[in-house]
Each structure stands twice: as structure tokens, then as C-alpha cells.
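Below is one structure, written out as C-alpha cells; the observations come after it.
Protein chains: 2
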Amino acid sequence: MLELAILGFLRDQPLHGYDLRKRVAALMGHVRPVADGTLYPAIKRMAAAGWVTRKDEPGAAAAPRRVLYLTEEGHAELERRLGEPAEPDISDENRWFTLLAFLRHLGDPRAQAAVLRRRLTFLEEPTSFFYEGDRPMAAEEFADPFRQGLLAIAHATSQAELAWLRATIADLDGR
Amino acid sequence: MLELAILGFLRDQPLHGYDLRKRVAALMGHVRPVADGTLYPAIKRMAAAGWVTRKDEPGAAAAPRRVLYLTEEGHAELERRLGEPAEPDISDENRWFTLLAFLRHLGDPRAQAAVLRRRLTFLEEPTSFFYEGDRPMAAEEFADPFRQGLLAIAHATSQAELAWLRATIADLDGR
DNA sequence: CCAATATACATCGGCACCGAGGTATGCTTC
DNA sequence: GAAGCATACCTCGGTGCCGATGTATATTGG
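Quick note, the sequences are listed as chains A and B, same order.
One point on numbering: in the numbering used here, the residue at position 160 of the first sequence is 180, and numbering is uninterrupted.
One point on numbering: in the numbering used here, the residue at position 153 of the second sequence is 173, and numbering is uninterrupted.
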């Protein structure tokens, strides 16, 4: 998730670590803040993989910066991750939102629609959070207001996204 | 998140690992399936911490079972985690939903309302996913339909939950 | 009768993440 | 001119998670 965000942000423009940290924090930081001890090792990993290159520059405000540039390999990696996302990227909302934030970088509308369809399929399959033995339980069945709320919120959420997905897929197909 | 779910399920009744695995999978498995290599070490940790005890029983269908019982310490730990959740339990939807699934086990309505208020405060504070320099960007500002969708879905989602939170807090306060 | 499947538990190496700590620079404010 | 803060980068130990792998039993289907 973090690596995808880094690839995605660098796709737009070269950035140094500190700037990247702020952008990543804006994107997903309210859910889970990004620690320095996570970001810098990630950058190091990605440099070792050949996805980014680093160039030292004198710091504008303070200490010298190491500006990160996306390489061609990094570009290819981004497209691969956007076009062939792993299952958790589809099912986990946090990961999915990160993917969505950079999906425009997958040039082909057909490929974009295919990714949206995977999410659509996931949201359309019936899921039950709680079971009594083998039988799925409906929201009305339990007295617990919190579990009722949980199901109600999950339902409202997925309805909103389903509507958007269907409209956007239709739009992409029409091009 | 996993440990909270285990404590929560065992609060209702003793369960063996395999049964626990199915219940945890139903609750959060569609988002992120639980691997055996995650569940069993977690049980072991929790047994070492004194939150659960294990009792061997002949298997009903197959291999012998190790039935898990919540101890008094485990009960206290559950209440502590429900009543004083860490920040990520409030902000991360996956964790929050898990907490909500077991919040009824926090007996006191006032304490329950206090937890809901923390989530309310979190959802009420304005968040912007993207910035241009220092300026937050509104959904209409970018042409990217995916980012527009991302913001629209996030907004719809939080509206649904806000309404439920306010209603439920009012209800709990009225008791 | 054999294979496949579901039940049931467990370990191990690798890896990402986190918090804590460390280093250094330049600007602003008192 | 000292203190405090924002900028900017990095390491290290601990922990939890994951996939792969292993072991064993009972039922079901061909």
C-alpha cells in the first residue's frame, strides 16, 4: 500500500522523502499515520529494486534533500500493480482507496474498467458478518445496536460505491 | 484487531481454534483472510498472557480439539481494549468495525457512548486526501474521475455513519 | 477401497511496520 | 544569541502477519 502510493506520487513528479511523507500522510494518514521508520526503509527497498533513483540536492529550507525519481522500471511496476492488483488491494478498503487514487495512471480505459469490475464483483457477493452455526444472521436478528449499526453502515457504504462503480464502468465502456 | 476479535468471541462462549477461525473469517475474512500462521501464534500469545486457558477435548468430527476459555484476566483485557481503544482502532475502519462488533460487551452505556463519541470526533474533523502545495483540493477540482469517486464515496460513507453515531449516542444518553 | 475433502492443530523463515532514538540545518522569536 | 521549531534523513530492535509446510483423523463420493 505504501509502495503503491510512493510509485503513484512519483509518477506525477519527482519528490524528496519529506515531501512524500506529507503527501502520503494526507492520503492515508488520517487512517494510519506513516512513521519515518516505515517510509525511509521503503524508499531504500524501492531504490534497491531499481524503481526509483536518488539525487542529492541542497535543502531549500534546511538539511540537504534526496530527491526521488521514478525510473522506467518503476513506471512499469506501477502499471503492473494498478492493472493486476492482488486480492487484498480489491477487498481491503484502505488498499482499494490507495489504488483508486492512482488508477488514472493506468492509461487504457478498458484496463481501468476491468479493475473496477473486480471491485464490483467483490462488493456484489453476499457477505455475512455473523453466523449462528452455519446460518448467516440478518441485522434485525440481534438486539445488539452496535452490530445492527455495523451492518447498516456497511450496507449504506457499499450501496454508494456500487452506484458509482456501475456508472463509471458504463462511462469507461462507452469511450 | 485479531486479538480483540478472539477475546470478543470467547466472551460469548468457549470455542476451539478451528471454530474461532471460521467466526473471525466471517467477521473480517472478506477483507483480509486470517491465516493459520497468524491465528495459532496469536492464541499461544494470549494463553501465555493468561487471557485464555486451553482444555483438550476429543474432536467431534476429526482430530482432537483444544477448547479455549476466556479467563478473568482475559475478560478484563477485553473491557480495557473496548473502553480505552488505541487511536488506530478509532480511525482505521477495519479495526473500528471489529471494535463495534463487540462493543456491547462494555456493559456501561456511558462508556459505550464515550467510545462512539471518539469515532464521531474523528469523522467530524475535516480531512483532505490531496493537496496542491498547502491548499486542500476539493473533488470538483480535479478531472480524474477516480479521485472524484474516491472523495464522493468517502463522503457518502461518513455521512451514513455520522447519522447512525448521533442517533445511537443520543439513545445511549437517554438511558 | 481409495481419493478427496473437511476437520483440527502447529511451526518456521521472511518481511513489513512501528516506536524510539539519533543527527544535522536553517529560520523565527524572544 | 539562545531556544524552539520545521525541515530533512536514517537506524535498530521488537512484533505481528503471511505463506509454506507438516501432521493426523473422520467423512464423503466414486
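Idealized CB from N, CA, C, for every residue including glycine.
Minimum C-alpha distance to residue 149/A - residue among 75/B, 108/B and 118/B: Within the first sequence, the letter at position 129 stands for residue 149/A. Checking every option, the nearest Cα to that of residue 149/A belongs to 118/B.
Just checking my contact of residue 110/B with residue 139/B at CB under 8 angstroms: how many whole Å lie between their CB atoms? Along the second sequence, read from residue 1 onward, the residue named residue 110/B stands at position 90. Along the second sequence, read from residue 1 onward, the residue named residue 139/B stands at position 119. At roughly 5 angstroms, the Cβ-Cβ gap stays under 8 angstroms, so residue 110/B and residue 139/B are in contact.
What runs of the alpha helix (DSSP H), each 4 residues or longer, lie entirely inside the stretch 30-88 of chain B? 37-48 and 56-68
Classify residue 25/A: buried if its beta carbon has 16 or more other beta carbons within 10 angstroms, exposed otherwise. Counting from 1 along the first sequence, the entry for residue 25/A is found at position 5. Buried, because 16 or more other Cβ atoms sit within 10 Å of the Cβ of residue 25/A.
Measuring only between beta-carbons, confirm whether residue 50/B sits less than 7 angstroms from chain A. If you number the second sequence from 1, residue 50/B lands on position 30. For residue 50/B, the answer is yes, since a Cβ of chain A falls inside 7 angstroms of its Cβ.
Do you know how far the Cα of residue 81/A is from the Cα of residue 74/A? For the purposes of this step, residue 74/A is taken as the residue at position 54 of the first sequence. For the purposes of this step, residue 81/A is taken as the residue at position 61 of the first sequence. Each residue's alpha carbon lies about 19 angstroms from the other.
Is there a C-beta anywhere in chain A that falls below 7 angstroms from the one on residue 147/B? Taking the first residue of the second sequence as 1, we reach residue 147/B at position 127. Yes, residue 147/B lies at the interface with chain A (some Cβ there is under 7 angstroms from its Cβ).
Out of 137/A, 156/A and 152/A, state which residue places its alpha-carbon closest to the alpha-carbon of residue 146/A. Here residue 146/A is taken as the residue at index 126 of the first sequence, counted from 1. Out of 137/A, 156/A and 152/A, 156/A has the C-alpha closest to the C-alpha of residue 146/A.
For residue 33/A, is the classification buried or exposed, using 16 other Cβ atoms within 10 angstroms of its Cβ as the cut-off for buried? Counting from 1 along the first sequence, the entry for residue 33/A is found at position 13. Exposed is the call here.
Count the other C-beta atoms from every protein chain shown that fall within 10 angstroms of the C-beta of residue 84/B, then say buried if there are 16 or more, exposed otherwise. Residue mapping note: residue 84/B aligns to position 64 of the second sequence, counting from 1. Per the 10 Å Cβ criterion, exposed.
Residues of the stretch 158-173 of chain B with Cβ closer than 7 angstroms to any Cβ of chain A, in chain order: 164, 165, 166, 167, 169, 170, 172 and 173
What residues from chain A crowd round residue 112/B, counting only those whose CB sits closer than 8 angstroms? Residue numbering aside, residue 112/B sits at position 92 when the second sequence is read from its first letter. The contacting residues are 51, 52 and 114.
Closer than 7 angstroms, CB to CB, is residue 181/A near chain B or not? Here residue 181/A refers to the residue found at position 161 when the first sequence is read from its first residue. Judged by the 7 angstroms Cβ criterion, residue 181/A is in contact with chain B.
Assuming residue 47/B contacts residue 94/B under a Cβ cut-off of 8 angstroms, what Cβ separation, rounded to an integer in Å, is found between them? Counted from its first residue, the second sequence places residue 47/B at position 27. Counted from its first residue, the second sequence places residue 94/B at position 74. Residue 47/B to residue 94/B, Cβ: 18 angstroms. No contact.
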